[in-house]
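For the record, the sequence lines run as chains S and W. Going from the first sequence to my numbering is simple: count from 1 and add 3. Going from the second sequence to my numbering is simple: count from 1 and add 1045. Think of the CB as a built atom: it goes at the ideal place given N, C-alpha and C, for glycine as much as any other residue.
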Amino acid sequence: MPAPSRSQVLALYKQIIKNASNFNNYSYRNYFLRKAKTGFRVTRDLKDPEAVEEAFVSAQRELGVLKRQSAISQMYTFDKQVVEPLKEQKRHTSDVS
Amino acid sequence: MLRIIPRSILPGQRVARAFAIRKYATAKVAFDVPLETHTDLQQANKELADARDNSSEVVESGTTALKHAYQENTGFGTRPIYLDMQATTPTDPRVLDTMLKFYTGLYGNPHSNTHSYGWETNKEVETARKHIADLVNADIKEIIFTSGATESNNTALKGVPRFYKKTKKHIVTTRTEHKCVLEAARAMKNEGFEVTFLNVNEFGLIDLKELEDAIRPETCLVSIMAVNNEIGVVQPLKEIGAICKKKKVFFHTDAAQAYGKIPLDVNDMNIDLMSISSHKIYGPKGMGAIYVRRRPRVRLDPIISGGGQERGLRSGTLAPSLVAGFGEAARLMKQEYSADTEHIKKLSEKLTKGLLAIEHTSLNGSPDHHYPGCVNVSFAYVEGESLLMALRDIALSSGSACTSASLEPSYVLHALGKDDALAHSSIRFGIGRFTTEEEIDYVIKAITERVEFLRELSPLWEMVKEGIDLNSIEWSGH
């Protein structure tokens, strides 16, 4: 597989951000958003095509996990955390349903 | 055929339409049912607010105390911030993702050697074992799965001395160990072994000279924990390992709080036995492991007898789901090590600075030999338990979860030479991978406000403010 193009990487990043923000759980959502942002920033400077491809494949695998786990997170919900505004939740659930 | 087709089309359509309607109906019902929440704080809060609205009396009486005791921020959620990472950590979604397939299809017994169901789970178990061994530079054959760090500690503390009991009848440990090590050591005392409990200095560190003197020719085991669960102090493992190697005794370390969080290398540090827990590294609960060195071989009497799984040291069928979850958690600890350490350190510094900015507070334990994810702070002139009661929106603990049911002050802080009052007023803050900066800001603000409020209530605080030395007061007897 050739090294992924710029648009492929950007599309993957967008997908990861979208799925990470679908987590109902405050801690997990924030962690995966933070991880996606720092992770892509670190790999941005990669030059070696093999390393780029490796990072791309592992990010793709991560996206699969995020898709499944954010769906599970929506099925088993808990109260919102004390630092979480409730309004955001309403907009969030209406997006889903 | 021709006659059948037009007939079958109509009913078919009807059926399809009926199906469509029925499908829609069930879907609608499913959406109408409110999502079940597992905690009912939100509902309770709403009812409380309703009750207050209806009765003017409740609103007038004691509102200030209530407002301070439990901040009711309308427009925000009600679930407390989790800051008790030393008790347990939330399961990482990536760990759960690895575990799920063992409950949906991979149900083989990993010890079944005769069919593919057994082979496939066995392969996953061995992969997990490799991830766990890699994190501490061990060999995969040296990792024995147990039910948790408590079982691992018991296996080490009871197994090794029992095996060598004919010639060696002495164990060395410290006063600040976890309860399960202390209790296991006491049980060995009843079996006729001698146990030396080493003292620690005011920072919670052991004296290496004292350790060297405590080791006798008949000593078989030294057990010293890597990171303390209450104050987060890191013991000098490498130096201890060197002393144990020189004196030819086995070195066991309880690394439940350290594994994956500080750099550990069993060969470099001369560790012979090491207890590991899965649920402290974002893995599943009910899972742990013990590292048992093979060269030179550490022999021990197993506590559990049975089918001889795990090199005969821990019989019983493994739970492949828990093992795989543990393995994935260990892999993630390695993969995320630098990111996690940086994040935790940043938040820890912020929290420590914020809390110590309150007057008459002190950090417990050594500030230099310290795991940043565990911050233990004493708030003088405030009762720890009442502060915890006032902080219902933050999940904290005054010490170990095992002793949080009793009101006695922490024995760890006692061992550090802290008096009862200070031991009673200390609180442990645990920071982990999933803690956010926003949460830390909230915690600093909430603690500052409520410590101030509780002190305002206290007559002792008034005296302190007037400059009276509390120790000089002669309290009249009753």
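From the options, residue whose alpha carbon lies closest to that of residue i
i         : options                                    : result
W/Leu1502 : W/Thr1221, W/Glu1519, W/His1223, W/Leu1432 : W/Leu1432
W/Thr1221 : W/Gly1331, W/Trp1164, W/Glu1275            : W/Glu1275
W/Ile1308 : W/Lys1379, W/Asp1184, W/Gly1249, W/Met1270 : Sequence check: residue 1308 of chain W is Pro here, not Ile. The option with the nearest alpha carbon to W/Pro1308 is W/Lys1379.
W/Phe1024 : W/Lys1214, W/Val1457, W/Glu1255            : This structure cannot settle anything about residue 1024 of chain W, because the visible part of chain W is limited to 1046 through 1523.
W/Val1245 : W/Gly1512, W/Thr1493, W/Trp1520, W/Leu1458 : W/Leu1458
W/Lys1290 : W/Gly1328, W/Ser1323, W/Pro1341            : W/Pro1341
W/Gly1352 : W/Ile1251, W/Arg1344, W/Gly1361, W/Leu1345 : W/Gly1361
W/Arg1344 : W/Leu1436, W/Lys1203, W/Tyr1152            : W/Lys1203
W/Phe1147 : W/Val1267, W/Pro1365, W/Phe1498, W/Leu1358 : W/Pro1365
W/Pro1125 : W/Leu1499, W/Glu1507, W/Val1488, W/Lys1510 : W/Val1488
W/Tyr1382 : S/Arg44, S/Lys38, S/Ile20                  : S/Lys38
W/Asn1421 : W/Met1314, W/Thr1264, W/Phe1474, W/Asp1095 : W/Phe1474
S/Gln18   : S/Ala58, S/Leu49, S/Glu65                  : S/Glu65
W/Ser1443 : W/Asn1409, W/Gly1462, W/Ala1201            : W/Asn1409
S/Gln84   : S/Gly42, S/Phe35, S/Tyr29, S/Pro5          : S/Tyr29
W/His1223 : W/Ala1301, W/Val1205, W/Trp1164            : W/Ala1301
S/Leu15   : S/Asn27, S/Tyr31, S/Gly42                  : S/Gly42
W/Lys1211 : W/Leu1151, W/Ser1407, W/Cys1265            : W/Cys1265
Residue j beta carbon less than 8 Å from that of residue i
i         : j         : result
W/Phe1295 : W/Asp1317 : yes
S/Asn33   : S/Ser73   : no
W/Thr1218 : W/Ala1232 : no
S/Val86   : W/Arg1139 : no
W/Gly1328 : W/His1176 : no
W/Pro1454 : W/Asp1438 : no
W/Thr1298 : W/Ala1334 : no
S/Asn25   : S/Gln63   : no
W/Gly1524 : W/Gly1122 : Chain W is shown only over 1046 to 1523; residue 1524 of chain W falls outside these bounds and no answer can be derived.
W/Phe1498 : W/Asp1346 : no
W/Ala1369 : W/Met1508 : no
S/Arg71   : W/Asp1142 : yes
W/Leu1363 : W/Val1181 : no
W/Gly1249 : W/Leu1461 : yes
W/Lys1292 : W/Ile1260 : yes
Own chain, CB closer than 6 Å to residue i, minus 5 neighbours either side, in chain order
i         : result
W/Arg1052 : Summary for W/Arg1052: the model assigns pLDDT 46, below 50, so the residue's position carries little reliability; its value from the coordinates is reported in the next sentence. The answer is none, since no qualifying residue turns up.
W/Gly1477 : Met1130, Thr1134
W/Leu1326 : Reading off the sequence, residue 1326 of chain W comes out as Ile, not Leu. Result list for W/Ile1326: Gly1305, Ala1374, Met1378, in chain order.
W/Pro1417 : Ile1389, Lys1390, Ser1393
W/Arg1174 : Ile1185, Ile1188
W/Val1267 : Val1217, Cys1289, Val1294, Phe1296
W/Gly1512 : none
W/Ser1197 : Thr1191, Ser1320, Gly1333, Ile1335
W/Val1240 : Ile1216, Ala1230, Lys1234
Own chain, CB closer than 7 Å to residue i, minus 5 neighbours either side, in chain order
i         : result
W/His1560 : Lying before the first or after the last residue shown, residue 1560 of chain W is absent from chain W, which here runs from 1046 to 1523.
W/Gly1399 : Ile1489
W/Asp1137 : Tyr1327, Ala1374, Leu1377
W/Phe1479 : Pro1135
W/Phe1242 : Thr1218, Thr1219, Arg1220
W/Ala1178 : Asp1184, Ile1185, Glu1187, Ile1188
W/Ser1411 : Phe1248, Gly1249, Leu1250, Val1278
S/Leu89   : Lys83
W/Gly1357 : Pro1347
S/Val12   : Phe59
Neighbourhood of residue i by C-beta, 8 Å cutoff - its chain only, sequence neighbours within 5 removed
i         : result
W/Arg1338 : Glu1187, Val1311, Ile1316, Asp1317, Leu1318
W/Val1074 : A caution first: W/Val1074 carries a pLDDT of 43, below 50, which makes its placement in the model unreliable, though a value can still be read off. Taken in chain order, the list of residues that qualify is empty.
W/Trp1506 : Tyr1426, Arg1500
W/Leu1128 : Ile1439, Ala1440, Leu1441, Phe1474, Gly1475, Ile1476, Thr1480, Glu1484, Val1488
W/Val1226 : Asn1198, Leu1202, Thr1218, Ser1268, Met1270, Asp1299
Any chain C beta carbon closer than 8 Å to residue i
i       : result
S/Lys40 : Checking the listed chains, one finds no chain C in this structure; the protein chains it contains are S and W.
*asked:* Between the stretch 1417-1434 of chain W and the stretch 1463-1472 of chain W, can you find at least three pairs of beta-carbon atoms closer than 8 Å?
replied: yes
*asked:* Closer than 8 Å is the cut-off here; do at least three beta carbon pairs connect the stretch 1394-1403 of chain W with the stretch 1484-1499 of chain W?
replied: Here the stretch 1394-1403 of chain W makes contact with the stretch 1484-1499 of chain W; the two share three or more CB pairs at distances below 8 Å.
*asked:* For the pair the stretch 1387-1398 of chain W and the stretch 1241-1258 of chain W, tell me if three or more CB-CB distances fall below 8 Å.
replied: no
*Give a yes or no on contact between the stretch 1147-1160 of chain W and the stretch 52-63 of chain S, applying the rule of three or more CB pairs nearer than 8 Å.*
no
*Check each residue of the stretch 54-82 of chain S: if its Cβ is closer than 9 Å to any Cβ of chain W, include it; give the result in chain order.*
Cβ contacts with chain W: Glu65, Gly67, Val68, Leu69, Arg71, Gln72, Ser73, Ile75, Ser76, Gln77, Met78, Tyr79, Thr80, Phe81, Asp82.
*Residues from the stretch 1367-1389 of chain W in contact with chain S, defined by Cβ distance under 9 Å*: Glu1381, Ala1384, His1388
_Residues from the stretch 1482-1495 of chain W in contact with chain S, defined by Cβ distance under 8 Å_ = Glu1483, Glu1484, Tyr1487
*asked:* Along the stretch 1458-1484 of chain W, where does the CB come closer than 7 Å to a CB of chain S? Name the residues.
replied: From the stretch 1458-1484 of chain W, only Arg1478, Phe1479, Thr1481, Glu1483, Glu1484 have a Cβ closer than 7 Å to chain S.
_Members of the stretch 1117-1143 of chain W near chain S, C-beta cut-off 8 Å_ = Asn1118, Gly1120, Phe1121, Gly1122, Thr1123, Arg1124, Pro1125, Ile1126, Tyr1127, Pro1135, Pro1138, Arg1139, Leu1141, Asp1142
*What residues in the stretch 1179-1190 of chain W bring their beta carbon closer than 7 Å to a beta carbon of chain S?*
none
*When Cβ atoms are compared, which residues of the stretch 1425-1441 of chain W fall closer than 7 Å to chain S?*
Residues Asp1438.
*Identify each residue in the stretch 16-36 of chain S for which the Cβ-Cβ distance to at least one residue of chain W is less than 7 Å, and report them in chain order.*
Ser30, Tyr31, Asn33, Tyr34
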